[in-house]
Amino acid sequence: MSAHSLLPDSLSLNGRTFRYADIQQYPANSPTELNGYEARVLDFCWQWLNGALEFELQTSGSTGQPQTVHMTRRQLAASAARTGDYFDLGPDMPLLACLNCEFVGGLMMLVRGFERHMPITIVEPQADPLALLPADTAIAFASFVPLQLRALLAAGRADQLNQMQVILVGGAPPDASLTRQIEQLSVPVYLTYGMTETASHIALRRLNGPEASAHYRVLPGIHIEQDARGCLAIRADVTNDQLIITNDQVRLLGQHTFEWLGRADFVINSGGVKVQAEKVELVLEVALAELNLSRRAFVAGLPDERLGEQVTAVLEGEPLPSAQQEQLLHLLAERLDKYERPRHLLFLAQFQTTASGKLDRRRTLREASEKE
């Protein structure tokens, strides 16, 4: 039997098998009882398997209005090849696509599967995607957002995760409590850095094991530099050889390594002092973990007559008891400079998220401002 005959000729979508030959005839050879998500996933698969050269992708809208980005097949294939080479992905590594395939993180899992001839299992996005699969389903390569990884660990699925060969985490950095749980896993877990305009990640940061690092390592063939604001700029085949200017402030540690400092557009101007929101968020995450408070939180500047913007910690869920609020503010005051300290805790029952599962700061902040 030839090696070619062993390559996958079908994929699994929400528990049903779809042969590639039938997908190439989509929608003529597809069942009629598809839900909207399944139809949209099969439409992309139809385009890819039939050799389409251009694709429209939607940005997530986590920091602004969602936008349509036009990408070429060359860009998506180059990204898949780079990740495939880095992790030595191949036909012996079953892939799980459980991110929203209408956005670049999930869509690129499909492209990697097609380009590297990997068996593909697709499940509609939910907090615990493994709950939708038989317990003996073989998965070697998967990508999750932090919310999913937290749910998987809470459901006692560490053993299933450890049977995988590589796990990617995207969308947002895991908070301090989730990071501690990831550090206990034996499967290599990598935090990704990238965006729609770069056809997903262009850099990785190991979160566990002896190779764990606080810095991102740029994948081979990616050129990075900084603009006048100290923000990362990227050029490579995945950007169609155009220079992409980001709003991410970084510290370059060499040609291939950088430290992510935070978003330039998340800077809070409080009394004329510029405060980096993400720096305060890291301290907030650690303080919440020390108080055994597992809840999402972020830091923002809310309008203030005297200061212009007031550094405010926004927490998801019901308000904490007064004593715990005082404890939290005390820990923050001990560890942050005078102007960085949140002067106020704001509680919202539920944060707004984008269709790709990211925190939608803009909509959540609008709700927070209305509450104030």
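Following UniProt numbering, the numbering of the sequence shown begins with 1 at its first residue and continues without gaps. The C-beta atom is built at its ideal place from N, Cα and C for all residues, glycine as well. Note that this is a predicted model, so its numbers are computed, not measured.
- Provide the residue(s) that pair with Pro303 in DSSP beta bridges, ordered along the chain. Under DSSP, Pro303 takes part in a beta bridge, and its partners are Glu309.
Measure the C-alpha to C-alpha separation of Phe364 and Gln25 and round it to an integer number of angstroms.
-> The sequence given here has Thr at residue 364, not Phe. The straight-line gap from Cα to Cα measures roughly 42 angstroms.
**Request:** For my contact list, Gln75 and Val238 are in at a C-beta cut-off of 8 angstroms; report their separation, rounded to the angstrom.
**Result:** Val238 and Gln75 do touch by the CB rule: their CB atoms are close to 5 angstroms apart, below 8 angstroms.
* Asked: What is the rounded straight-line gap between the Cα of Lys358 and the Cα of Gly171?
  -> Straight-line spacing of the CA atoms in Lys358 and Gly171 works out to 6 angstroms.
Evaluate contact between the segment 132–149 and the segment 83–96, counting only Cβ atoms and requiring at least three cross-stretch pairs below 8 angstroms. Here the segment 132–149 lies against the segment 83–96, with 3 or more beta-carbon pairs under 8 angstroms apart.
Check your understanding: So Leu345 is in the beta strand (DSSP E); what residue range does that whole segment cover?
Key -> For Leu345, the enclosing beta strand (DSSP E) starts and ends at His344 to Leu348.
For Pro91 and Ala287, the rounded distance between their alpha carbons: So the two alpha carbons sit approximately 44 angstroms from each other.
> With respect to 7 angstroms, is the separation between the Cβ of Gln255 and the closest non-hydrogen atom of the ligand HEM below this value?
Replying inline: The ligand HEM is not part of this structure, which contains no ligands at all.
Ser79, enclosing alpha helix (DSSP H) - first and last residue: From DSSP, the alpha helix (DSSP H) with Ser79 extends over Arg73 to Phe87.
Out of Gln350, Asp136, Arg180 and Arg205, which has the shortest C-alpha to C-alpha gap to residue 373? Nothing can be reported for residue 373: it is not among the residues displayed for the chain, which extend from 1 to 372.
Distance, Cα to Cα, Ser79 vs Tyr86?
Rounded to the nearest angstrom, the two C-alpha atoms are 11 angstroms apart.
> For the segment 249–262 against the segment 111–118, are there 3 or more C-beta pairs whose distance is under 8 angstroms?
Replying inline: No, the segment 249–262 does not touch the segment 111–118.
- Query: Which residue from Glu309, Gln242, Thr354 and Val104 puts its Cα closest to that of Thr192?
  - Reply: Among Glu309, Gln242, Thr354 and Val104, the Cα nearest to that of Thr192 belongs to Val104.
Residue burial classification, Asp88 (beta-carbon count within 10 angstroms, cutoff 16)
That one is exposed.
Leu57 and Val41 closer than 8 angstroms at C-beta: Not a contact, by the Cβ cut-off of 8 angstroms.
Does the distance from the C-beta atom of Asp227 to that of Arg235 stay below 8 angstroms?
Result no, Cβ atoms of Asp227 and Arg235 do not sit closer than 8 angstroms.
Item checked: Reduced DSSP category for Ala212 - H, G, I as helix; E, B as strand; rest coil -> Reduced to three states, the DSSP call for Ala212 is coil.
Looking at the structure shown, is Arg295 part of a helix, part of a strand, or coil, going by DSSP? Here Arg295 sits in coil by DSSP.
Going by C-alpha to C-alpha distance, which of Ser322, Pro174, Gly230 and Val166 sits closest to Pro188?
The shortest C-alpha separation from Pro188 is found at Val166.
message: Per DSSP, what are the beta-bridge partners of Tyr190 in this structure?
response: Tyr190 is bridged to Leu168 and Arg206.
Q | Same chain, Cβ closer than 6 angstroms to Arg335, five either side skipped, listed in chain order | A | Correct list, in chain order: Val283.
Original post:
Rounded to the nearest angstrom, how far is the Cβ of Leu328 from that of Leu345, given a contact under 8 angstroms?
Top reply: Indeed, because the Cβ distance is near 7 angstroms, the residues count as touching under 8 angstroms.
**Asked** When we look at the beta-carbon of Gln148 and count the other beta-carbons within 10 Å, is it buried (16 or more) or exposed?
**Response** It is buried - the Cβ of Gln148 has at least 16 other Cβ atoms within 10 Å.
For the beta strand (DSSP E) containing Glu38, list its first residue and its last residue.
-> Taken as a continuous stretch (DSSP letters only), Glu38 belongs to no beta strand (DSSP E), being part of the alpha helix (DSSP H) at Gly36 to Leu49.
**DSSP state of Lys279 mapped onto helix, strand, coil** = Taken through DSSP and simplified to helix, strand or coil, Lys279 comes out as helix.
With distances taken Cα to Cα, identify the nearest neighbour of Arg296 among Leu261, Tyr339 and Ala349.
-> Closest by alpha carbon: Ala349.
request  = Output the boundary residues of the beta strand (DSSP E) element that contains Thr121.
outcome  = Residues Ile120 to Ile122.
Are Val311 and Val275 touching if we call contact CB-CB under 8 angstroms? It is a contact, given that the beta carbons lie within the stated cut-off.
| said: So Ile8 and Pro119 are supposed to be a Cβ contact under 8 angstroms. How far apart are they, rounded? | reply: Inspection of the sequence shows that residue 8 is occupied by Pro rather than by Ile. Yes, they are in contact, since the Cβ atoms of Pro8 and Pro119 sit about 5 angstroms apart, within 8 angstroms.
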